[in-house]
Amino acid sequence: MIAALLESIGALWKLVLALGFLLALILAATMFRRPCQVFLGRLVKLRIKRGNTEVSINDESLIAPDATPAVREQESAPPTKTQKTGTESKPASQVLETDWEIEMWLSFSKEDLKGAEKAYAKLQEAETNPEKRLENEAWYLSMRFRKGDADAQKKLESLQARGTEYPKLAGFLRRLKANYFAFNDDHQTAALIYEEAAAVSEGKAERARNLRSAAASLVKISRSDRAREILTKELRSNDDPEAQAELYLGLADTYDANSETRAVLLEKAVSNKPNSKQMHFDSAYAYAQAGLQPLAVLHYEKAIEIDSKHPNALNNLGVAFANLGAKKLAVDFYKRAIELGETLSSANLAYILIEAGEIEEARQILKEARKKEEVHGNVNQAAVRLEEVERENNERREHVVNLATALRQFLVTYADKLHQGMAANVNGSWRSTAATDISVVLDETNSKIEIHWTVRSDQKFRFTGKLLGQTSAGEVSKFKKDPFAGLFGTDKNKGSFERVGSGRLYFSNKCAEITMFWMSDGYEEKVELRFTRSDQASSPPQAPKESS
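For the sequence shown, the numbering used here assigns the number 3 to the initial residue and increments by one for each residue that follows.
This is how it looks when you write it as structure tokens:
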């Protein structure tokens with residue numbers, strides 16, 4: 003009996019293997035459907051750079067409604083105005099895709115028209131539902147047109163008449179026709195046909211999507227007021243939450259990208275679809291553009307709460323925290339995005355490290371990013387910046403060393419003069435090969451000295467310092483003329499001296515010579531001057547007048 007039982011169990015293995023294989027196929031179809039759609043979304047993509055981010059807008063007629071365009075902040079470039087028309091929603095009958103349908107889309111993505119034609123033929127061969135066959139044909143012809151087949155649009159036109167047999171496809175077919183005109187930049191005609199599509203749409207959400215596309219085309223031809231009119235009118239009568247979300251998205255798209263109004267309308271859209279990571283992401287991006295970083299953080303975190311592996315949201319959350327001065331949090335989110343393969347975050351993190359002086363760590367991060375299959379352009383920009391910073395630091399070091407060497411040589415003689423007595427009188431006329439209008443005034447009572455001189459005939463300088471022996475240390479100022487000087491009868495020479503650096507000087511040759519060494523406050527500039535007492539005595543020239 004046991005032998006018989008074992009034999010029966012052994013016979014069941016074939017059935018178990020067959021069921022296992024079938025289950026694996028089902029799981030594969032489920033798991034790889036989304037990657038295929040995302041890959042397909044790369045067919046038509048507009049990329050707009052914004053410094054630490056980029057905006058990536060996929061062609062609306064090619065991807066499923068849950069696809070996520072990559073919108074990223076970028077500080078170094080001015081905002082580029084774009085108009086997003088929303089994501090194309092396929093009719094409900096397309097939710098379940100066959101292998102040949104996926105193969106057809108993938109072939110189009112690879113520019114393999116023959117492969118797409120073969121897959122389409124197989125798809126239609128396996129499909130028995132005439133309505134679904136017509137739908138497949140419409141998508142196929144639409145893609146053929148986008149890939150340069152001029153005859154495809156004529157064939158697509160003929161489907162309009164055939165589509166009257168299937169009311170559920172009426173709005174869908176008109177939408178594809180409107181897409182044709184929008185693709186050719188005839189947005190006036192496109193808007194009219196999108197409105198026609200809305201009128202015959204089967205559901206409230208589909209109607210709202212068509213009106214949103216109509217509004218987008220109207221914005222393209224500078225008719226934003228009309229776009230808002232049709233959307234707000236629909237909002238008063240369409241109570242479907244998904245439809246209202248679409249309509250508020252459409253209204254948001256009628257405003258500039260950096261508009262606070264746009265951000266507020268996106269907030270309203272989110273309230274109708276609070277579990278949409280894409281809407282939270284779009285709201286966050288809009289708030290960031292409007293300068294409302296705290297609200298941007300809130301919505302990026304909501305998007306991550308829904309999808310913890312959302313690389314664009316993680317990257318932009320890092321940017322938002324960096325803008326708010328929370329660099330530690332910015333680094334944490336950049337690293338999480340990098341783990342998901344986001345090379346833009348590698349560039350952003352590298353910039354923070356470069357700023358902090360961690361050059362080698364930044365270099366290593368950029369090196370790892372370059373190994374990825376897709377590398378964001380900012381990675382190369384960051385690498386260029388890294389080399390520039392290294393060169394600037396080396397140049398700065400060389401400059402500082404040269405300055406210090408010259409100052410050290412000056413201080414050797416300066417030290418000798420610290421405790422030597424001053425001549426009774428050094429006031430009078432002085433000359434120099436590097437300056438004119440030189441005057442020296444010694445205040446023996448307060449042990450102070452003041453020197454005025456002019457460079458290049460119009461740049462007036464002043465040194466004021468405390469005397470110690472035959473030396474003095476103090477500040478150097480430059481005369482800045484009052485911009486209103488000379489108006490309404492005021493003194494045209496009116497102005498004031500403003501500090502530009504620090505200086506030191508010493509007297510030599512029986513106090514008949516002055517050697518001065520001064521540096522700008524940032525050590526960018528050093529100046530060495532030598533003044534010699536003139537043989538002929540004369541009254542010192544008038545110093546520039548200062549503002550009271």
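Positions of the beta carbon are idealized from the N, C-alpha and C atoms, including for glycine.
Which of helix, strand or coil DSSP assigns to residue i
i, result
"arginine 532", "strand"
"isoleucine 367", "helix"
"serine 348", "helix"
"phenylalanine 486", "coil"
"valine 40", "For valine 40, the predicted model reports a pLDDT of 38, less than 50, meaning its position is unreliable; a value from the coordinates is still stated below. Looking at valine 40 - three-state DSSP - the assignment turns out to be helix."
"isoleucine 308", "helix"
"glycine 497", "strand"
"glutamine 461", "strand"
"glycine 327", "coil"
"glycine 150", "coil"
"arginine 338", "helix"
"serine 203", "coil"
"lysine 275", "coil"
"methionine 106", "helix"
"arginine 225", "coil"
"valine 377", "coil"
"tyrosine 196", "helix"
Best match in the options for proximity to residue i [C-alpha to C-alpha]
i, options, result
"aspartate 493", "Val272, Leu251, Pro485", "Pro485"
"leucine 413", "Val428, Arg506, Phe481", "Arg506"
"alanine 352", "Ala324, Glu376, Glu375", "Ala324"
"glutamate 370", "Asn511, Ser348, Arg398", "Ser348"
"tyrosine 562", "Asp151, Glu363, Tyr302", "The structure shown does not extend to residue 562, since the chain is modelled only from 3 to 550, so the question has no answer here."
"lysine 374", "Glu341, Trp102, Phe174, Ile104", "Glu341"
"phenylalanine 110", "Met145, Glu127, Arg135", "Met145"
"glutamine 126", "Lys149, Trp102, Leu143", "Trp102"
"arginine 338", "Ile354, Lys329, Glu362, Lys311", "Lys311"
"valine 403", "Lys528, Ala286, Gln155", "Lys528"
"glutamate 105", "Ile223, Ile308, Tyr142, Asn382", "Tyr142"
"glutamate 113", "Ala163, Gly150, Arg135, Lys222", "Gly150"
"glycine 359", "Thr345, Arg387, Gln162, Asn382", "Arg387"
"leucine 470", "Leu489, Phe481, Glu231, Ala417", "Ala417"
"arginine 532", "Ala475, Glu362, Phe509", "Phe509"
C-beta neighbour in chain C for residue i, strict 9 Å
i, result
"asparagine 511", "The chain labelled as chain C is not found in the depicted structure, where only one protein chain is given."
Exposed unless 16 or more other CB atoms sit within 10 angstroms - verdict on residue i
i, result
"proline 313", "buried"
"arginine 464", "buried"
"histidine 189", "buried"
"alanine 192", "buried"
"lysine 462", "buried"
"aspartate 187", "exposed"
"threonine 415", "exposed"
"aspartate 284", "buried"
"glutamate 137", "buried"
"arginine 211", "buried"
"alanine 229", "buried"
"alanine 406", "exposed"
"leucine 316", "buried"
"glycine 252", "buried"
"aspartate 255", "buried"
"leucine 420", "exposed"
"asparagine 350", "buried"
"lysine 330", "exposed"
"valine 97", "Here the model assigns valine 97 a pLDDT of 40, short of 50, so the residue's position is not dependable, and the following value carries that caveat. Exposed."
"alanine 2", "Missing from the structure shown is residue 2; the chain here goes from 3 to 550 and no further."
Identity of the residues DSSP links to residue i by a beta bridge
i, result
"arginine 393", "Looking at the DSSP assignment, arginine 393 forms no beta bridge with any residue, so it has no partner."
"glycine 430", "Val442"
"tyrosine 508", "Thr473, Thr517"
"threonine 456", "Thr438, Lys462"
"glycine 503", "Val478, Ser522"
"lysine 468", "Lys450, Ala475"
Neighbourhood of residue i by C-beta, 6 Å cutoff - its chain only, sequence neighbours within 5 removed
i, result
"leucine 27", "Since pLDDT at leucine 27 reaches only 49, below the 50 mark, its modelled position is unreliable, and the value read off the structure follows with that caveat. Contacts found: none."
"tyrosine 168", "Glu133"
"lysine 483", "Gly497"
"phenylalanine 519", "Phe412, Arg506, Glu530"
"threonine 263", "Tyr257"
"lysine 206", "Asn240, Asp242, Ala245"
"tryptophan 455", "Ala437, Ile440, Phe463"
"leucine 297", "Tyr289"
"alanine 265", "Ala288, Tyr289, Ala292"
"alanine 118", "Met106, Ser109, Phe110"
"arginine 209", "Ala200, Ser203"
"lysine 170", "Glu204"
Neighbourhood of residue i by C-beta, 8 Å cutoff - its chain only, sequence neighbours within 5 removed
i, result
"glutamate 477", "Phe465, Thr466, Gly467, Arg501, Gly503, Ser504, Gly505"
"serine 536", "Gly430, Ser431, Trp432, Arg433"
Own chain residues within Cβ distance below 7 Å of residue i, not counting five before or after
i, result
"alanine 172", "Gly165, Val202"
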